[in-house]
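Q: Input: one structure, supplied below.
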Amino acid sequence: MAVMGQNLALNIARKGFPVAVFNRTAAKTQEFFETRVKGESIYPAYDLREFVFSLERPRKILLMVKAGEAVDEFLNALFPLLDEGDLVIDGGNSFFRDTDRRIAEAERRGLLYLGMGISGGEHGALHGPSLMPGGHREGYALVQDILEKAAAQVEDGPCCTYLGPGSCGHFVKMVHNGIEYAFMGAIAEVYDLLRKIFGLRAPEIARIFAHWNTLPHLNSYLVDITARVLAYEDPETKTPLVDLILDAAEQKGTGKWTSQVALDLGIPTPTITQSVVARSLSSFKNERLQIASRFSISQKTLPWSEEVPLFLSDALYLAELAAFSEGFHLLQEASRVFAYHLNLPEIARIWKGGCILKALLLGRIQSALTLHDAPLLFATEEFRSEVQEKLPALRKVCALSAEHGIPVPVLSAALAYLDAWRSEKLPANLIQAQRDYFGAHTYRRIDREGTFHTEWEVTAG
Ligand SMILES: NC(=O)c1ccc[n+]([C@@H]2O[C@H](COP(=O)([O-])OP(=O)(O)OC[C@H]3O[C@@H](n4cnc5c(N)ncnc54)[C@H](OP(=O)(O)O)[C@@H]3O)[C@@H](O)[C@H]2O)c1
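This is the structure:
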């Protein structure tokens, strides 16, 4: 009965399904019931046993508790009260490996289990989120009608679909969050350039983002809320609230997990990873203040021109596309390695509504994934010529940032990512030679088959 649990209970009840609710701290259930329940079929329970026995069988229980140990603690209390065939859904941001472990435990007890990613924040939970369930298919069949009615609706169906077996629902949500980190990071960097290089104030930047949100390639939930945030004035101080917020980003782990798993699976996701790194670095606020005082930084502003928002918006768009490409590439590999059998176009489809990643671009991503079956979206027919045309803008933005000493790790990572994939030749030949020099790691040659080792000192000497 924290914010997500309350809103989902109201949403589901408003779709005509009676709901019983329970929270570890009973006072929160009571407060919810007294302040927010207005005639919906919601029944409070103040004891876990009472809650479980009030449910129709097979029971369908949705957990919205803090991810991590709390989920295990709660499951340890819940599982013994359940009967064979009952279903437990974990709707929190659980780490996918924990979900695999919990699924195995549920199976041992004859229970059904779904790990379900939920996107859309508290607003989505109440009005229609994007739901990413994975796990026991028979479990999904028990709640399909409820979930698909509670989810956001787009032109081609509800933003909810059974994604596959095991922990894939939580895996997909984790990658969703990784992409979200990268897009947010790129937006923040563009904002930083607008204020530092071009001397714009928050309300002026708000108008630029609001305009960008009307463009088909940038229209998205995140660009929209950025415009709203930048336009918001602190009622007390009458200054833009964003200017009063400490520049130290926090994180709960899903972006970091995405990068860690991508490294484990050998899939390059630099744009996502740099957004995690950028958040970590920002959190060293005191250290940054001390270090900044030791260096003189002259920040010159440049005159505004009509061209500025054009190349900045193109750069932002390419960073977004790079992040989606990295995310879908990772999903494709995870699907192979973990036998998730993911349907990538369906994932793009269920992100089109009720989701933090909601963007018009997702319609094109969905069709690119359907037509080309290639997760490296930027290289598909759908996007290739546009990428070619917009790359100079991203290059210009990164060069300008470098000249002005403004860090743009996410935009720079996106540029390097796109440039690296487009390179016929990379300097990895030299790396292979170095590896062979000090560790006899061997190398392959371009002019003949086989694996080779060289006694480099002897040859050189
Ligand atoms: N907030 C969002 O926008 C959002 C969006 C998508 C997904 N999620 C995920 O959804 C889940 C819920 O998020 P939230 O923001 O609503 O709440 P939260 O702050 O992550 O979790 C609070 C809830 O967890 C319960 N809890 C904590 N430790 C517990 C334990 N040991 N045993 C039983 N219950 C325990 C709390 O009960 P008490 O009241 O008794 O402390 C409370 O109901 C999280 O996994 C979160 O990552 C959140």
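In my numbering, each residue's number is its place in the sequence shown (first place is 1) plus 5.
Note that CB positions come from ideal geometry on N, CA and C, so glycine has one too.
Remember, it's a predicted structure, so these values are computed and weren't measured experimentally.
Using the beta-carbon count (16 or more within 10 Å), is Tyr51 buried or exposed?
A: It is exposed - the Cβ of Tyr51 has fewer than 16 other Cβ atoms within 10 Å.
Q: If I follow the unbroken beta strand (DSSP E) through Tyr48, where does it start and stop?
A: Ile47 to Pro49 is the extent of the beta strand (DSSP E) around Tyr48.
Q: Quick one: any contact between the segment 131-142 and the segment 196-210, if contact means 3 or more CB pairs under 8 Å?
A: The segment 131-142 is not in contact with the segment 196-210.
Q: Quick one: is Glu386 buried, meaning 16 or more other Cβ sit within 10 Å of its Cβ, or exposed?
A: Counting Cβ neighbours within 10 Å, Glu386 comes out exposed, since fewer than 16 surround it.
Q: What separation, rounded to the nearest whole angstrom, lies between the Cα atoms of Ala236 and Ala211?
A: When rounded, the distance between both Cα atoms is 5 Å.
Q: Do Leu416 and Ala320 come within 8 Å of each other at the CB atom, strictly closer than that value?
A: Against a cut-off of 8 Å, the Cβ pair of Leu416 and Ala320 comes out as a contact.
Q: Thinking C-alpha only, which one of Phe188, Phe27, Glu160 and Leu119 is nearest Phe176?
A: Measuring from the Cα of Phe176, the nearest candidate turns out to be Leu119.
Q: Taking the straight line between their C-alpha atoms, what separation do you get for Val228 and Gly126?
A: Cα-Cα distance, rounded: 16 Å.
Q: So, are the CB atoms of Ile123 and Phe329 less than 8 Å apart?
A: Against a cut-off of 8 Å, the Cβ pair of Phe329 and Ile123 comes out as no contact.
Q: Under three-state DSSP, which class holds Ser225?
A: Note: Ser225 maps to strand in three-state DSSP.
Q: Please name the residue in Asp95, Pro208, Glu55 and Leu376 whose C-alpha comes closest to that of Met9.
A: The residue with the shortest Cα to Cα distance from Met9 is Asp95.
Q: I need the straight-line Cα distance from Lys65 to Gln295, nearest angstrom please.
A: Going from the Cα of Lys65 to the Cα of Gln295 covers about 54 Å.
Q: Please state if the CB of Ala398 and the CB of Thr276 are separated by a distance shorter than 8 Å.
A: Cβ distance not < 8 Å, so Thr276 and Ala398 don't count as in contact.
Q: Just to confirm my understanding: we take Val180, look at its own chain, exclude 5 residues before and 5 after, and list those with CB closer than 7 Å. What are they?
A: If we look at Val180 and ignore the five residues flanking it on each side, its Cβ neighbours are Thr263, Gly332, Leu335 and Leu336.
Q: Between Ala155 and Val342, what straight-line distance do the alpha-carbon atoms span, to the nearest angstrom?
A: Looking at the two C-alpha atoms, the distance is approximately 32 Å.
Q: So Lys154 is in the alpha helix (DSSP H); what residue range does that whole segment cover?
A: Arg142 to Ala155 is the span of the alpha helix (DSSP H), which, as asked, contains Lys154.
Q: Applying the 10 Å Cβ sphere with the 16-neighbour rule, what's the burial state of Phe58?
A: Exposed is the call here.
Q: Taking Cβ to Cβ, would you say Ala477 is nearer than 8 Å to Tyr422?
A: The structure shown does not extend to residue 477, since the chain spans only 6 to 466, so no value can be given for it.
Q: Compute the Euclidean distance between the alpha carbons of Leu152 and Thr104, then round it to the nearest angstrom.
A: Distance between the alpha carbons of Leu152 and Thr104: 19 Å.
Q: Distance check for Pro163 and Pro245, CA to CA, integer angstroms please.
A: If I take the Cα positions, the gap works out to 37 Å.
Q: Taking buried to mean at least 16 other C-beta atoms within 10 Å of its own C-beta, is Glu325 buried or exposed?
A: Looking at its Cβ environment, which holds 16 or more other Cβ atoms inside 10 Å, Glu325 is buried.
Q: Could you compute how far the alpha carbon of Phe101 sits from the alpha carbon of Ala407?
A: Distance between the alpha carbons of Phe101 and Ala407 is about 38 Å.
Q: Is the number of C-beta pairs between the segment 32-46 and the segment 66-77 that are closer than 8 Å three or more?
A: No, the segment 32-46 is not in contact with the segment 66-77.
Q: Pull up the CB-CB distance for Val159 and Gly358, whole angstroms please, since I reckon it's below 8 Å.
A: Contact holds; Cβ gap of about 4 Å.
Q: Mind checking Thr259: buried by the 16 CB within 10 Å criterion, or exposed?
A: That one is buried.
Q: Go ahead and label Glu460 buried or exposed: buried means 16 or more other beta carbons lie within 10 angstroms of its beta carbon, across all protein chains shown.
A: Looking at its Cβ environment, which holds fewer than 16 other Cβ atoms inside 10 Å, Glu460 is exposed.
Q: Please list the terminal residues of the continuous alpha helix (DSSP H) segment that includes Asp269.
A: Residues Thr259 to Leu270.
Q: Helix or strand or just coil, what does DSSP make of Cys164?
A: Coil at Cys164, not helix or strand.
Q: How long is the line joining the alpha carbons of Lys243 and Ala18, rounded to whole angstroms?
A: So the two alpha carbons sit approximately 40 Å from each other.
Q: Compute the distance between the beta-carbons of Asp252 and Lys290, then report whether it is under 8 Å.
A: It is a contact, given that the beta carbons lie within the stated cut-off.
Q: Does the segment 216-233 come within contact of the segment 436-452, defined as at least 3 CB pairs closer than 8 Å?
A: Short answer: they don't touch.
Q: Would Lys261 and Val247 qualify as a contact pair, given that the criterion is a beta-carbon distance under 8 Å?
A: Contact: no.
Q: What are the boundary residues of the beta strand (DSSP E) that Ile66 is part of?
A: Segment Lys65 to Leu68, the beta strand (DSSP E) holding Ile66.
Q: For ligand 1, I want to know if Val7 counts as a neighbour, meaning its beta carbon is within less than 7 Å of at least one of the ligand's heavy atoms.
A: It should be noted that the sequence gives Ala, not Val, for residue 7. Yes, the beta carbon of Ala7 sits closer than 7 Å to at least one heavy atom of ligand 1.
Q: In angstroms with no decimal places, state the Cα-to-Cα distance between Gln371 and Glu351.
A: When rounded, the distance between both Cα atoms is 7 Å.
Q: Using only CA atoms, which one of Leu80, Gly171, Lys33 and His216 lies nearest to Ala339?
A: Checked all of Leu80, Gly171, Lys33 and His216; the closest Cα to Ala339 is Gly171.
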